[in-house]
Amino acid sequence: MPRFPAAFRWGAGTSSYQVEGGVHEGGRGESVWDRFAHTEGTILDASTGDEACDSYHRYAEDVRLLAELGVDVYRFSVAWPRIQPEGTGPAVKAGLDYYDRLLDGLAERGIAAVPTLYHWDLPQALEDQGGWLSRETAYRFAEYAAIMADFFAGRVETVHTLNEPFIHLALGYALGTHAPGRTLGFEALPGAHHQLLGHGLAAAELRARGLRVGLAHNYTPVRAASSAPADIAAAHAYDVLHNRVLTDPLLLGRYADLSFFGLDDAPEYVHPEDLGIIAAGRPDELGVNYYNPTTAAGLDPLASSNSPLSFGLPFELRGVEGAEVTAFGWPIVPDGLREILVTLKDRYGDALPPILVTENGCSTVDAPDPDGVVHDEARIAFLDGHIRALHEAVEAGVDVAGYVVWTLLDNFEWDQGYQQRFGIVRVDFDTFARTPKDSFHWLRALIAEHRTGSAD
Ligand code: BGC
8 MPRFPAAFRW GAGTSSYQVE GGVHEGGRGE SVWDRFAHTE GTILDASTGD EACDSYHRYA
68 EDVRLLAELG VDVYRFSVAW PRIQPEGTGP AVKAGLDYYD RLLDGLAERG IAAVPTLYHW
128 DLPQALEDQG GWLSRETAYR FAEYAAIMAD FFAGRVETVH TLNEPFIHLA LGYALGTHAP
188 GRTLGFEALP GAHHQLLGHG LAAAELRARG LRVGLAHNYT PVRAASSAPA DIAAAHAYDV
248 LHNRVLTDPL LLGRYADLSF FGLDDAPEYV HPEDLGIIAA GRPDELGVNY YNPTTAAGLD
308 PLASSNSPLS FGLPFELRGV EGAEVTAFGW PIVPDGLREI LVTLKDRYGD ALPPILVTEN
368 GCSTVDAPDP DGVVHDEARI AFLDGHIRAL HEAVEAGVDV AGYVVWTLLD NFEWDQGYQQ
428 RFGIVRVDFD TFARTPKDSF HWLRALIAEH RTGSAD
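Right, dumping it as structure tokens:
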């Protein structure tokens, strides 16, 4: 493995609803994911995150695993309804206490915390008032951010506001496969704007307490299915929608052109002052979550098999021809990580902040052998390929601060329930026993090699 710069940081990540469990403890309120997962027909295996990995009780074991792995950083998220059960008002002490214990545990092991304020578990009470479709939610988010800024000040360096606002919007508000399960298609777009506004307002609260600000987006290199004009136009349009709609305002202070979709460039939900607030919240660190590229194809008006995605997109999205796929069916294209990082650098130039790869990993069908060992060679190959591609991006001059693997633990994989295992540590969901997989040991050795400078 080629060598990364000495200051390069290694990490592992999780998110609150996917691992914590303890949903009725410490005065925690209901989140949209509690409501959604308890609604029949929403989750593939009819499971919920009620217990998840039980990290609410077993966080100390998770911290021990992180220490064994040798990571510099732990990326986790705070469950907003643990802090403000109704999404407003004073903080619940027991909620803060949980994160206090977690921070102490990390500090004892010399692991830097990189908290995210929002990884999709909106207090249900706010959803009942319109959720992210309501502008008010942005102000509630800022109020919550102010509480967390006081809490984190002096204890952590960087706080990320949002995780993947586009995916949250697309799956939660446009398509309805994630909480809160709304199926609004493009009518969901105000929810994107309000998340960005919430980010901008929250960023001001964080900075006022001396904290650096981050935000993690999901990025996908978009390729045209062919050189046919309709395919090229489709690829361009999807690139704008997925990669630029929520990044351009943050980094450039303006919205990308969505006229391909017949959308107004000055919708009334964007108030005159908003873009200034959003741009002032330009992150100090941009989180990049990368899983796979996307191929876009224009719809053939003569073909009967056309199935515009349920997004209501006027074109078709496909996998990548010839690529192997993960257990989830996602194409494995390591070079896509290099490609998207270089694209971001070319696209935004000096406006691009340093990058932290905040998520990268894969689900595999892995099971323990009779000795309880999980030989997840496919995950090792995935990580190896992607880390090499990341190194090429660094060589090409992209400023990358570190790499955070998704994910530490097998966990509640949203609408897939417990059916997709992304962890480098296996979790037995009956006993909550944690068993490091081969990929854990592989990554530990890689990190250790870099520490001693012996990587070649
Ligand atoms: C999300 C994670 C999720 C992962 C794999 C990302 O979009 O941030 O919460 O588990 O993808 O689906």
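Note that the sequence shown covers residues 8 to 463 in my numbering.
Beta carbons: idealized from backbone N, C-alpha and C, even for Gly.
List the whole-angstrom C-beta distance separating Trp17 from Asp128, where the pair is believed to meet the contact cut-off of C-beta under 8 Å. Position 10 of the sequence shown, counted from the start, is the residue given in the question as residue 17. Position 121 of the sequence shown, counted from the start, is the residue given in the question as residue 128. Between Asp128 and Trp17 the Cβ distance is about 26 Å, and since that is not below 8 Å, they are no contact.
Pro197 (DSSP reduced to helix, strand or coil): What you label residue 197 is simply residue 190 of the sequence shown in a count that begins at 1. Three-state DSSP puts Pro197 in a helix.
Using a 10 Å radius around the Cβ and a threshold of 16 neighbouring Cβ atoms, would you call Glu384 buried or exposed? Within the sequence shown, numbered from 1, the residue matching residue 384 stands at position 377. It counts as exposed.
Distance between Thr95 and Tyr151 (C-alpha atoms, nearest Å): In the sequence shown, counting from the first residue as 1, residue 151 sits at position 144. In the sequence shown, counting from the first residue as 1, residue 95 sits at position 88. Using only the alpha carbons, I get a separation of about 7 Å.
On the DSSP bridge list, what partners appear for Glu366? The residue given as residue 366 occupies position 359 in the sequence shown. Glu366 is bridged to Asn296.
Can you confirm whether the region 76-89 touches the region 13-27 when touching is taken to mean that 3 or more C-beta pairs between the two stretches lie within less than 8 Å? yes
What first and last residue would you give for the beta strand (DSSP E) that runs through Phe43? In the sequence shown, the residue the question calls residue 43 occupies position 36. Per DSSP, Phe43 belongs to no beta strand (DSSP E); it is in the alpha helix (DSSP H), 39-44.
Roughly how far, in whole angstroms, is the beta-carbon of Asp157 from the beta-carbon of Gly221, given that I think they are within contact range, below 8 Å? In the sequence shown, the residue the question calls residue 157 occupies position 150. In the sequence shown, the residue the question calls residue 221 occupies position 214. Rounded, the Cβ-Cβ distance is 18 Å, inconsistent with contact.
Which of helix, strand or coil does DSSP assign to Phe322? Taking the first residue of the sequence shown as position 1, residue 322 is located at position 315. Correct three-state label for Phe322: strand.
Cβ neighbour criterion (16 or more within 10 Å) applied to Gly269: As a first step, residue 269 is located in the sequence shown; it is residue number 262 there, counting from the start. Under this definition Gly269 is an exposed residue.
Cα-Cα separation between Ser314 and Leu450, rounded to whole angstroms: The residue you call residue 314 lines up with position 307 of the sequence shown. The residue you call residue 450 lines up with position 443 of the sequence shown. Any reading at Ser314 is ruled out, since the residue's pLDDT is 45, under 50, leaving its predicted position unreliable.
Mind reading off the beta-carbon distance from His185 to Trp421? Whole number of angstroms is fine, and I expect it under 8 Å. In the sequence shown, counting from the first residue as 1, residue 185 sits at position 178. In the sequence shown, counting from the first residue as 1, residue 421 sits at position 414. With 8 Å as the limit, His185 and Trp421 qualify as a contact, their Cβ atoms being about 6 Å apart.
Which residues mark the beginning and the end of the alpha helix (DSSP H) in which Ala177 is found? Within the sequence shown, numbered from 1, the residue matching residue 177 stands at position 170. Taken as a continuous stretch (DSSP letters only), Ala177 belongs to no alpha helix (DSSP H), as it is neither H nor E.
Does any heavy atom of the ligand BGC sit closer than 7 Å to the C-beta of Ile50? For the purposes of this step, residue 50 is taken as the residue at position 43 of the sequence shown. Ile50: no, Cβ never under 7 Å from the ligand BGC.
Relative to the C-alpha of Asp378, which candidate in Asp445, Pro361, Ala13 has its C-alpha closest? Your numbering for residue 378 matches position 371 in the sequence shown. Comparing Cα positions, the closest option is Asp445.
Heavy atom of the ligand BGC less than 7 Å from the Cβ of Glu420, yes or no? Against the sequence shown, residue 420 aligns to sequence position 413. It does: the Cβ of Glu420 is within 7 Å (strictly closer) of some heavy atom of the ligand BGC.
Taking the alpha-carbon of Phe193 as reference, which of Asp61, Asp238, Leu140 has the nearest alpha-carbon? Working through the sequence shown from its first residue, we reach residue 193 at position 186. That would be Leu140, whose Cα lies nearest to the Cα of Phe193.
Span of the alpha helix (DSSP H) around Gly20: Sequence index remark: in the sequence shown, residue 20 carries index 13 (1-based). Element bounds for Gly20: not the alpha helix (DSSP H) but the beta strand (DSSP E), 16-20.
Is it the case that the CB of Asn225 approaches a heavy atom of the ligand GTP more closely than 7 Å? This structure lacks the ligand GTP; its bound ligands are the ligand BGC.
Measure the C-alpha to C-alpha separation of Phe447 and Leu76 and round it to an integer number of angstroms. Translated into the one-based positions of the sequence shown, residue 447 becomes position 440. Translated into the one-based positions of the sequence shown, residue 76 becomes position 69. Taking the straight line from one Cα to the other gives about 7 Å.
Let me make sure I understand the geometry here. Which of Glu280, Arg261, Asp281 has the alpha-carbon closest to that of Asp272? Position 265 of the sequence shown holds residue 272. The residue with the shortest Cα to Cα distance from Asp272 is Arg261.
May I ask which residues mark the beginning and end of the beta strand (DSSP E) holding Tyr81? In the sequence shown, the residue the question calls residue 81 occupies position 74. Unbroken beta strand (DSSP E) run through Tyr81: 80-84.
Using the Cβ count rule (16 or more neighbours within 10 Å means buried), how would you classify Pro197? Stepping through the sequence shown from its first residue, residue 197 is reached at position 190. Its Cβ being crowded by 16 or more others within 10 Å, Pro197 is buried.
Going by the beta-carbon positions, is the gap between Ala132 and Leu208 smaller than 8 Å? Counted from its first residue, the sequence shown places residue 132 at position 125. Counted from its first residue, the sequence shown places residue 208 at position 201. Not a contact, by the Cβ cut-off of 8 Å.
When DSSP labels each residue in this structure, what does Ala330 get in the three-state scheme? For the purposes of this step, residue 330 is identified with residue 323 of the sequence shown, where counting begins at 1. Coil at Ala330, not helix or strand.
Terminal residues of the continuous beta strand (DSSP E) containing Val412? Working through the sequence shown from its first residue, we reach residue 412 at position 405. Looking at the DSSP string, the run of the beta strand (DSSP E) that includes Val412 is 407-413.
Thr459, enclosing alpha helix (DSSP H) - first and last residue: Numbered from 1 along the sequence shown, position 452 holds the residue referred to as residue 459. It spans 445-459 - the alpha helix (DSSP H) in which Thr459 sits, taken as one unbroken run.
Got a sec: does the ligand BGC put a non-hydrogen atom nearer than 7 Å to the Cβ of Ile339? Here residue 339 refers to the residue found at position 332 when the sequence shown is read from its first residue. It does not: the Cβ of Ile339 is nowhere closer than 7 Å to a heavy atom of the ligand BGC.
With DSSP collapsed to three states, give me the class of Tyr125. Stepping through the sequence shown from its first residue, residue 125 is reached at position 118. Looking at Tyr125 - three-state DSSP - the assignment turns out to be strand.
For Arg142, which residues in the same chain have their Cβ closer than 6 Å to its Cβ, ignoring the five residues on either side in sequence? Against the sequence shown, residue 142 aligns to sequence position 135. Once the five neighbours on either side are set aside, the close Cβ partners of Arg142 are His201.
Do Gln25 and the ligand BGC come close, with the Cβ less than 7 Å from some heavy atom? Position 18 of the sequence shown, counting from 1, holds the residue named residue 25. Checking every heavy atom of the ligand BGC against the Cβ of Gln25, one is found closer than 7 Å.
For Asn250, which residues from the same chain have a beta carbon less than 6 Å from its beta carbon, with the 5 sequence-adjacent residues on both sides left out? Looking up residue 250 in the sequence shown gives position 243. These residues qualify, in order along the chain: Tyr226.
To the nearest angstrom, report how far apart Val163 and Leu213 are at their CA atoms. Residue 163 sits at position 156 when you count from the first residue of the sequence shown. Residue 213 sits at position 206 when you count from the first residue of the sequence shown. Cα-Cα distance, rounded: 11 Å.
Can you tell me whether Arg230 is buried or exposed? The criterion is at least 16 other CB atoms within 10 Å of its CB, across all chains shown. Position 223 of the sequence shown holds residue 230. So Arg230 ends up on the buried side.
Kindly indicate the opening and closing residues of the alpha helix (DSSP H) around Tyr245. Locating residue 245 in the sequence shown gives position 238, where the first residue counts as 1. Element bounds for Tyr245: 236-246.
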